[in-house]
Amino acid sequence: MWDEIALAGAGTYALAAMTYVFALRGEVQYDSLKQYLRKGWPIIAPMNCLLYAVSQRRARGAILDVADFPELAPLRDNWETIREEALALHRAEHLEATSRPDSAAYYDIGFRTFYKYGWRKFYLNWYGRTQPSAERLCPKTVALIRELPSVNGAMFSMLPVGGQLTRHSDPAACSLRYHLGLSTPNNDACFINIDGRDYSWRDGQALIFDETHLHFARNDAGSDRLILMCDIDRPVSLIGWPINAFYRWLMGATLVPNMAGDRRGMANRIFAGIAPQLQRAKALKRTNRSAYRLLKYTINGTLLLLVALIAWGLLQLFSGVLGLG
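Residue numbers 1016 to 1340, in the working numbering, belong to the letters of the sequence shown in order.
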């Protein structure tokens, strides 16, 4: 009997969490249920909502107060040193190289879809792993980040003139997003919109926001935008630690190399193996749409089932910890 009650309660909570994220969270929501189901990762809304509920006060809201995160001050204090290494990468075209199909960095399961809009990046570290190329080419920045345990991941991010990031929300709520302006247009025509509010980058200035809110970015100014982008550990109470730890492990599997000789996470190793075949399979869309749809839904359904099983297992673990099961 208690098992049935626990199961019904977990199902009700999961549905309520998905509904909250779709229709109630923030000032801006998805345009349609179809868009949310396609792009919003509703299957992990229950875990995310648990993290929202147990987040510390300083981590609640779309755009957060940088002053509430004094542990990150060393990044702002050394922004010019960081900029020198970032600009050296840019001049050597190492950021641009990551978006080329012949690059080891091309198959990026988390960010690859932004390449076609001009966005470029260079990983420094990512959820427990520092790339050898970053240690070699950006030693000062890597050394600074190593002294900041709350930084889960860091990269240089470049948005060229005319570039954009389409509206999206990042799936995992274990981190907050930190932007530090390095070489920016210092112009309101280059901006990010977070939950309906515009923010324009400035050299040496920082921004912290919750990337699970809907956001998009555009660079309509006259020069490129280069920033340091970090994932900062979401400050939560003790109850949220198991979920945060699981998310960090999952994100670590998406590690992407910058160039040959760098490390690659398990998820991206799999993605790099199947992505070329998926590209070829898209030819079916022109010659046999029925077969293409069957293949597409089979792959997507398998991935969703895997995520659902993991999410369900974590919810069961969470319920057991609280003595609900």
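All C-beta atoms, glycine included, are put in the ideal place defined by N, C-alpha and C.
If you check the CB distance, Asp1213 and Asn1201 do not come in under 8 Å.
According to DSSP, residue pairing for Cys1245 in a beta bridge involves Ala1169 and Tyr1193. Here Asp1092 carries a helix assignment [DSSP, helix/strand/coil]. By the neighbour-count definition (other C-beta atoms within 10 Å, threshold 16), Ala1232 is a buried residue.
If you draw a 10 Å sphere on the C-beta of Gly1276, you find fewer than 16 other C-beta atoms in it, and that means exposed.
Boundaries of the alpha helix (DSSP H) harbouring Ser1148: Pro1147 to Leu1152, taken from the DSSP string. As far as DSSP is concerned, Asp1210 takes part in no beta bridge. Beta-bridge annotation (DSSP): Val1251 is paired with Ser1070. For the pair Arg1161 and Tyr1312, the Cα-to-Cα distance works out to about 42 Å. Inside the segment 1103-1161, DSSP marks whole beta strand (DSSP E) runs of 3 or more residues at positions 1135-1141, from first to last along the chain. Following the DSSP letters along the chain, one finds Ile1223 inside the beta strand (DSSP E) bounded by residues Ala1221 to Phe1224.
When C-alpha distances from Asp1248 are compared across Gly1237, Arg1240, His1228 and Ile1223, the shortest belongs to Ile1223.
As computed with DSSP, Cys1205 is found in a beta bridge with Asn1234.
With fewer than 16 neighbouring CB atoms inside 10 Å of its own CB, Lys1049 falls in the exposed class.
In the DSSP secondary-structure assignment, Gln1179 is bridged to Arg1233. Taking all protein chains in view, the Cβ of Ala1031 is surrounded by fewer than 16 other Cβ atoms within 10 Å, so the residue is classified as exposed. For the pair Ala1074 and Val1251, the Cα-to-Cα distance works out to about 8 Å. By alpha-carbon distance to Gly1316, the top candidate from Leu1052, Tyr1067 and Tyr1045 is Leu1052. According to the DSSP assignment, Gln1050 belongs to the alpha helix (DSSP H) that extends over Leu1048 to Lys1054.
Per DSSP, Ile1059 lies in no alpha helix (DSSP H) segment and is marked neither H nor E. A distance below 7 Å between beta-carbons, with the five flanking residues on each side excluded, links Pro1147 to the following residues of its chain, in chain order: Gly1276 and Asp1277. Straight across, the Cα-Cα distance linking Asn1093 with Arg1304 is about 54 Å. Note on geometry: alpha-carbon atoms of Arg1040 and Pro1272 lie some 35 Å from one another.
Burial state of Thr1269 is buried, judged by a 10 Å Cβ sphere holding 16 or more other Cβ atoms.
In this structure Gly1055 is not in contact with Val1081, their Cβ atoms being roughly 27 Å apart against a cut-off of 8 Å. DSSP places Arg1040 in the coil class of the three-state scheme, outside both helix and strand. Pairwise C-beta distances place the segment 1152-1166 out of contact with the segment 1182-1189, as fewer than three of them are shorter than 8 Å. For Trp1216, no alpha helix (DSSP H) encloses it, and the DSSP letter there is neither H nor E. In the DSSP assignment, Ser1198 is bridged to Leu1241. Under DSSP, the beta-bridge partners assigned to Leu1174 are Arg1240.
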